[in-house]
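Visitor: Heads up: the sequence shown at position 223 corresponds to 1586 in our numbering, and the numbers run straight through without jumps.
C-beta atoms are modelled at their ideal positions from N, C-alpha and C, and glycine is treated no differently.
Following this message is one structure expressed as structure tokens.
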Amino acid sequence: MWAYIPGMTMSCAKLTQNLSKNRYRDISPYDATRVILKGTDDYINANYINMEIPASSLINRYIACQGPLPNTCPDFWQMTWEQGSSLVVMLTTQVERGRVKCHQYWPNPSGSATYAGFQVSCQTEEGNSAFLVRDMTLTQIEVSRITDLHYLAWPDHGVPDDSTDFLDFVTLVRSKRAGKDEPVVVHCSAGIGRTGVLITMETAMCLMECGQPVYPLEIVRTMRDQRAMMIQTPVSPAHLPVFLPVITAALMCKKHLYIIFLCYFEHV
């Protein structure tokens, strides 16, 4: 399977003025699907990803992006504001194994911070050892309410500590996005590994609820058509079939019957 789609360019990411906005030199957004900010300085390392669910009218819309850098936090909040996104999903801790994976782009609870004209306030932060839920506001003249869902128990290039916790988290993401058409902003550190797994898992849940077979490899192909290198390591795709029986069991408890074709990843 292609990590990059032949013929898809990434020219904007390579421009001199944009190099400092990329967390990793080898992770760049496709030009065709990149999120374009308003104004002359329009670059952010982020792509639109749309996942259509056959046999339904549902299209889950995402923005897959890298974890913000200190100098890209204003861009991150500008993107969130301009796209009308009210849900942000974070799948990394700030520091892992002594390496910074993501800058803290939000204020501490009950605090506020300003990012180039955007004021962000954190009203509450609640959760457990697996994930946190932050209720925030994003203000630029008008006020927008933001929910930040932060999964904590997932090491980079590894698997979540507890598959049940992660399933609960994906279910929470789905409940928070219900009835909304705007894209959900999803990021880990690079915006391709853990981000891709979450999108895959939510897509699988939607397919099963619609009585459709699940082909994880096809889901990954669809994501890679829109952002390069989605689910780039052998560890991430390898654990997807482990989660699917957990999802199936949860759905079976609701007396739904699904036929599932599991695809084992060998060469992603």
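1. Val1506: buried (16+ other C-beta within 10 angstroms of its C-beta) or exposed?
2. Where does Leu1378 land, buried or exposed, given buried means 16+ other C-beta within 10 angstroms?
3. I'd like to know if the stretch 1545 to 1552 and the stretch 1368 to 1376 are in contact, where contact means that at least 3 CB-CB pairs between them fall below 8 Å.
4. Would you check if the distance between the CB atom of Thr1510 and the CB atom of Ser1484 is smaller than 9 Å?
5. Once you ignore the five residues that flank Tyr1468 on each side, which residues in its own chain have a CB closer than 6 Å to its CB?
6. Do you know offhand how far Glu1489's Cα is from Leu1561's?
7. Where do the ends of the alpha helix (DSSP H) carrying Asp1531 lie?
8. Quick test of your reading: Arg1590 and Ala1418, contact by CB under 8 Å. State the CB separation rounded to the nearest angstrom.
9. Among residues of its own chain, excluding the 5 on either side of Asp1405, which ones have a beta-carbon nearer than 7 Å to its beta-carbon?
10. I need the straight-line Cα distance from Gln1441 to Pro1470, nearest angstrom please.
11. Could you tell me how far apart the beta carbons of Asp1394 and Thr1372 are, in whole angstroms, since I believe they sit closer than 8 Å?
12. DSSP three-state label for Asp1438, please.
13. Should Pro1392 go down as buried or exposed, given a rule of 16 or more other Cβ atoms within 10 Å for buried?
14. When you compare each of Thr1396, Pro1472, Val1463 and Gln1380 to Arg1587 by their alpha carbons, which one comes out closest?
15. According to DSSP, simplified to helix, strand and coil, what is Glu1653?
16. Suppose the cutoff is 8 Å on Cβ atoms and the five residues either side in sequence are ignored; what does the same chain contact list for Arg1540 look like?
17. Quick one: give me the first and last residue of the beta strand (DSSP E) that Thr1500 is part of.
18. Name the DSSP bridge partner or partners of Asn1423?
19. Excluding the five sequence neighbours on either side, which residues of its own chain have a C-beta within less than 6 Å of the C-beta of Pro1433, listed in chain order?
20. Please classify Gln1380 as buried or exposed, where buried requires at least 16 other C-beta atoms within 10 Å of its C-beta.
21. Determine the contact status of Phe1494 and Leu1535, defining contact as a CB-CB distance below 9 Å.
22. Span of the beta strand (DSSP E) holding Ser1475?
23. Classify Ile1509 as helix, strand or coil using the three-state DSSP reduction.
24. Arg1590 by DSSP, collapsed to three states: which one?
25. Looking at the unbroken alpha helix (DSSP H) that takes in Pro1564, where does it start and where does it end?
26. Take Ser1383 and list the residues in its own chain whose beta-carbon comes closer than 7 Å to its own, dropping the five residues that flank it on each side.
27. Using only alpha-carbon positions, find the residue among Glu1459, Thr1456, Val1458 and Tyr1411 that is nearest to Ser1632.
Guide: By the coordinates alone:
1. Start at 1 with the first residue of the sequence shown, and residue 1506 comes out as number 143. Looking at its Cβ environment, which holds fewer than 16 other Cβ atoms inside 10 Å, Val1506 is exposed.
2. Residue mapping note: residue 1378 aligns to position 15 of the sequence shown, counting from 1. Exposed: under 16 other Cβ atoms inside 10 Å.
3. no
4. Position 147 of the sequence shown, counted from the first residue, corresponds to residue 1510. Position 121 of the sequence shown, counted from the first residue, corresponds to residue 1484. Taking 9 Å as the Cβ cut-off, Thr1510 and Ser1484 do not qualify as a contacting pair.
5. To locate residue 1468, count along the sequence shown from 1; it is residue 105. Cβ neighbours of Tyr1468 beyond the five flanking positions: Pro1431, Cys1436 and Phe1439.
6. Along the sequence shown, one-based indexing puts residue 1489 at 126. Along the sequence shown, one-based indexing puts residue 1561 at 198. Distance from the CA of Glu1489 to the CA of Leu1561, rounded to the nearest whole angstrom, comes to 21 Å.
7. What you label residue 1531 is simply residue 168 of the sequence shown in a count that begins at 1. Counting along the chain, the alpha helix (DSSP H) containing Asp1531 begins and ends at Ser1526 to Arg1540.
8. Position 227 of the sequence shown, counting from 1, holds the residue named residue 1590. Position 55 of the sequence shown, counting from 1, holds the residue named residue 1418. The pair is not a contact, with the Cβ atoms about 25 Å apart (cut-off 8 Å).
9. Translated into positions along the sequence shown, residue 1405 becomes position 42. Excluding residues within five positions, the ones whose Cβ falls inside 7 Å are Ile1399.
10. Reading the sequence shown from its first residue, position 78 is the one you call residue 1441. Reading the sequence shown from its first residue, position 107 is the one you call residue 1470. Spanning the two alpha carbons is a distance of roughly 16 Å.
11. Looking up residue 1394 in the sequence shown gives position 31. Looking up residue 1372 in the sequence shown gives position 9. Contact holds; Cβ gap of about 5 Å.
12. Along the sequence shown, read from residue 1 onward, the residue named residue 1438 stands at position 75. In this structure, Asp1438 counts as helix in the three-state DSSP scheme.
13. Taking the first residue of the sequence shown as 1, we reach residue 1392 at position 29. By the 10 Å Cβ count, Pro1392 comes out buried.
14. The residue labelled residue 1587 in the question sits at position 224 within the sequence shown. Out of Thr1396, Pro1472, Val1463 and Gln1380, Thr1396 has the C-alpha closest to the C-alpha of Arg1587.
15. This structure does not reach residue 1653, given that the chain is present from 1364 up to 1631, and the question cannot be answered.
16. By one-based count along the sequence shown, residue 1540 stands at place 177. Excluding residues within five positions, the ones whose Cβ falls inside 8 Å are Asn1423, Leu1450 and Val1547.
17. Against the sequence shown, residue 1500 aligns to sequence position 137. Counting along the chain, the beta strand (DSSP E) containing Thr1500 begins and ends at Phe1494 to Gln1503.
18. Translated into the one-based positions of the sequence shown, residue 1423 becomes position 60. Beta-bridge pairing links Asn1423 to Met1414.
19. Along the sequence shown, read from residue 1 onward, the residue named residue 1433 stands at position 70. In its chain, beyond the 5 residues on either side, His1466 have a beta carbon closer than 6 Å to the beta carbon of Pro1433.
20. On the sequence shown, position 17 is the one that residue 1380 refers to. So Gln1380 counts as exposed.
21. Locating residue 1494 in the sequence shown gives position 131, where the first residue counts as 1. Locating residue 1535 in the sequence shown gives position 172, where the first residue counts as 1. Yes.
22. As a position in the sequence shown, residue 1475 is number 112, starting the count at 1. Ser1475 to Tyr1478 is the span of the beta strand (DSSP E), which, as asked, contains Ser1475.
23. Translated into positions along the sequence shown, residue 1509 becomes position 146. Residue state, collapsed to three classes: strand.
24. Indexing the sequence shown from 1 puts residue 1590 at position 227. Per DSSP, reduced to three states, the secondary structure at Arg1590 is coil, with no helix or strand assignment.
25. One-based indexing of the sequence shown puts residue 1564 at position 201. Reading off the sequence, residue 1564 comes out as Met, not Pro. Here the alpha helix (DSSP H) through Met1564 covers Arg1557 to Glu1572.
26. Residue mapping note: residue 1383 aligns to position 20 of the sequence shown, counting from 1. So the list reads Asn1434, once near-sequence residues are dropped.
27. This structure does not reach residue 1632, given that the chain is present from 1364 up to 1631, and the question cannot be answered.
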